[in-house]
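Line by line, the protein sequences give chains A and B.
To get the numbering used here, take the position in the first sequence, counting from 1, and add 14.
To get the numbering used here, take the position in the second sequence, counting from 1, and add 454.
Since the structure comes first, as structure tokens, the remarks are kept for the end.
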Amino acid sequence: DTGVSQNPRHKITKRGQNVTFRCDPISEHNRLYWYRQTLGQGPEFLTYFQNEAQLEKSRLLSDRFSAERPKGSFSTLEIQRTEQGDSAMYLCASSLGRTAPEPQHFGDGTRLSIL
Amino acid sequence: AQSVTQLDSHVSVSEGTPVLLRCNYSSSYSPSLFWYVQHPNKGLQLLLKYTSAATLVKGINGFEAEFKKSETSFHLTKPSAHMSDAAEYFCVVSEPNKAAGNKLTFGGGTRVLVKP
Numbered sequence: 015d016t017g018v019s020q021n022p023r024h025k026i027t028k029r030g031q032n033v034t035f036r037c038d039p040i041s042e043h044n045r046l047y048w049y050r051q052t053l054g055q056g057p058e059f060l061t062y063f064q065n066e067a068q069l070e071k072s073r074l075l076s077d078r079f080s081a082e083r084p085k086g087s088f089s090t091l092e093i094q095r096t097e098q099g100d101s102a103m104y105l106c107a108s109s110l111g112r113t114a115p116e117p118q119h120f121g122d123g124t125r126l127s128i129l
Numbered sequence: 455a456q457s458v459t460q461l462d463s464h465v466s467v468s469e470g471t472p473v474l475l476r477c478n479y480s481s482s483y484s485p486s487l488f489w490y491v492q493h494p495n496k497g498l499q500l501l502l503k504y505t506s507a508a509t510l511v512k513g514i515n516g517f518e519a520e521f522k523k524s525e526t527s528f529h530l531t532k533p534s535a536h537m538s539d540a541a542e543y544f545c546v547v548s549e550p551n552k553a554a555g556n557k558l559t560f561g562g563g564t565r566v567l568v569k570p
């Protein structure tokens with residue numbers, strides 16, 4: 015079990031630039047989630063994939079945000095025209111898809127700072 | 455809709471004394487409940503989970519939690535705190551949802567400080 019891997023760990027960019035983050039889930043996990051965590055808060059759900067299908071998006075995910083999981087393995091989260099309010103830790107999690115709830119395993123996150 | 459309230463934003467304990475982190479939840483269904491721990495600049499690590507089996511759940515590192523349906527609570531305890539327990543702790547609820555898998559809803563977190 016190599017765990018969930020996220021890259022980069024840190025990203026600093028100027029307002030208005032586009033950024034892309036990558037998440038590699040645990041290999042046998044078919045479910046993948048993205049969360050956003052701002053300073054001093056708990057993570058908030060952004061979006062969910064079952065295999066390659068994106069099944070739900072939070073209203074937090076504005077039209078500047080797009081996520082993909084093209085082959086049902088790794089996923090990318092892109093933010094276009096970044097704004098100051100996008101500064102946060104972006105967390106990826108994966109789990110098995112079973113009837114009984116399976117715990118989600120989290121990566122160490124990508125910390126985004128907007129200058 | 456589901457929600458989680460962690461009643462203390464900060465808890466300070468002395469090393470070797472008990473730790474109690476309080477959590478109340480609201481859920482329309484029979485929820486699954488979790489406690490996660492987050493060390494600085496790291497992701498979240500699962501401490502324990504409740505999924506409608508035994509109401510007293512044992513987790514890693516000596517932590518345990520008790521599910522009380524009548525009180526809608528899921529408090530986390532540890533008999534004796536270690537310095538390494540200093541971290542942020544999140545109480546989490548999950549409801550099965552066909553569209554959203556098992557989307558997690560997090561409490562606001564409790565930061566634990568352990569004094570030598």
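Using N, Cα and C, we set each Cβ at its ideal position, and we do this for glycine too.
Between B:C545 and A:F59, what straight-line distance do the alpha-carbon atoms span, to the nearest angstrom?
-> In a straight line, the C-alpha of B:C545 is about 15 Å away from that of A:F59.
When you compare each of B:E542, B:Y490, B:Q492, B:T559 to B:D412 by their alpha carbons, which one comes out closest?
-> Nothing about residue 412 of chain B can be read from this structure; chain B reaches only from 455 to 570.
Beta strand (DSSP E) containing B:Q499: first to last residue?
-> In the DSSP assignment, B:Q499 falls within the beta strand (DSSP E) that extends over 498 to 504.
Can you tell me where the beta strand (DSSP E) with B:V473 in it begins and where it stops?
-> 473 to 475 is the span of the beta strand (DSSP E), which, as asked, contains B:V473.
A:L105 CB to nearest chain B CB: under 8 Å?
-> A:L105 counts as touching chain B.
If you measure from the beta carbon of B:G470 to each beta carbon in chain A, is any gap under 8 Å?
-> So, not an interface residue.
If the cut is a Cβ gap below 8 Å, which residues of chain A does B:K557 touch?
-> Going along chain A in sequence order, the residues near B:K557 (Cβ under 8 Å) are Y47, F59, Y62, E70.
Which residues in chain A sit within 7 Å of B:F528, going by Cβ to Cβ distance?
-> Here the premise fails: no neighbours, minimum Cβ distance about 14 Å.
Supposed close pair B:D539, B:V458 - CB separation, criterion 8 Å = Contact flag wrong, Cβ pair sits at about 21 Å.
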